[in-house]
Amino acid sequence: MKLNFRKSGSGQPLVILHGLFGSADNWFSIARELEKDFTLYLVDQRNHGDSPQDEEWNYSVMVEDLKELLNDEGLSEVFLMGHSMGGKTAMNFAIEYPDRVKKLIVADISPRYYPVHHQKILEGLNSIKLSEIHSRKDADDQLAQYISIPGIRQFLLKSLGRDRTGFYWKINLPVITENIEEVGKALDEDGKYEGPTLFLAGGNSDYIQQSDLQDILHHFPNYEVEFIDGAGHWLHAEKPAEVIEEVRKFLK
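According to UniProt numbering, the sequence shown is numbered sequentially starting from 1.
Dropping the structure here:
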């Protein structure tokens, strides 16, 4: 699949993958700083953003999507970074194609299995009747019945597009809803990437815990972990300066 991406900057290539319900847009503010040091590729994964939609959606095909992008761009080796679902894609890619990844950064996700915990979000998104809304406020009002935190609603509604015929989802909401268990799948037990790997964890997030470190060591023996104080799961949005500092320090 030919993924949509935004390329900017100069230097060694750094590919960044967003998380579930997100898009390349989530990283634009950080990109403005990192593109001073790297050639950045901000990628929309399949069924997200402006990339194509497809019935097949799992880490195996997302890994192959990324490989196709690297091949098309003539990139034999890259720095690779992914957040949440994108971190799982990045980990799987590094294990499958270790010679293509110079260094790996995983933002607030571990290799373990995560039970489904997006039911309320999916329920809220599926409740929005696109044919009946006339503004983003209408969509926000409907979503507020399921999700009380405005910042989360604002993030989710970035995937709500609009053209002359009306509103539409940029995410493939039916396929994501049907296959949501794919997102939490653990890495294969035998999977291993021995290159330099940085795990960035939100200090206020429970996605990476001390109990995960042994599992991380099993899959990524050359790893280090940095906890970003005061950050939750969306650490790149909550503490961008700290994330940029850690990325620069690790990649240089």
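Glycine included, every Cβ here is placed at the ideal spot set by N, Cα and C.
All of these numbers come straight from a predicted model, not from anything done at the bench.
query: For the segment 107 to 115 against the segment 134 to 141, are there 3 or more C-beta pairs whose distance is under 8 Å?
result: no
field: beta strand (DSSP E) segments (min. 3 residues) lying fully within the UniProt domain "AB hydrolase-1" (13 to 109)
entry: 38 to 43, 78 to 83 and 101 to 107
field: Length-filtered (4 minimum) alpha helix (DSSP H) runs lying within the segment 170 to 195
entry: 173 to 178
query: Looking at residue 187 and residue 82, is the spacing between their C-beta atoms short of 7 Å?
result: no
task: Have a look at residue 149 and residue 156 and give me their C-alpha separation to the nearest angstrom.
output: 11 Å
task: Rounded to whole angstroms, what's the CA-CA distance from residue 118 to residue 209? Just pull it up for me.
output: 20 Å
Opposing strand residues paired with residue 8 [DSSP bridges]: 40
Beta-bridge pairing of residue 199 - partner residues as DSSP gives them: 106 and 225
task: Return the residue from the list 185, 212, 225 and 222 that minimises the CA-CA distance to residue 58.
output: 185
query: Mapping DSSP to helix, strand and coil, what is residue 167?
result: strand
task: State the DSSP-derived secondary structure class of residue 161, mapped to helix, strand or coil.
output: strand
Boundaries of the alpha helix (DSSP H) in which residue 124 is found, first to last residue: 119 to 127
- prompt: So what's residue 240 in DSSP terms, helix, strand or just coil?
  reply: helix
task: Give me the Cα-Cα distance between residue 200 and residue 151, rounded to the nearest whole angstrom.
output: 22 Å
Sub-7 Å separation of residue 146 and residue 124 beta-carbons: yes
message: Less than 7 Å between the beta carbons of residue 38 and residue 19, yes or no?
response: no
task: Compare the Cα-Cα distances from residue 166 to each of 45, 64 and 136 and report the closest residue.
output: 136
query: Roughly how many angstroms separate the alpha carbons of residue 181 and residue 115, rounded to a whole number?
result: 7 Å
- request: Within its chain, find whatever has a CB closer than 7 Å to the CB of residue 92; leave out the 5 residues flanking it on each side and keep chain order.
  value: 59, 63 and 187
Sequence-distant residues of its chain with Cβ nearer than 8 Å to residue 169 (five each side left out): 125, 130, 159, 160 and 161
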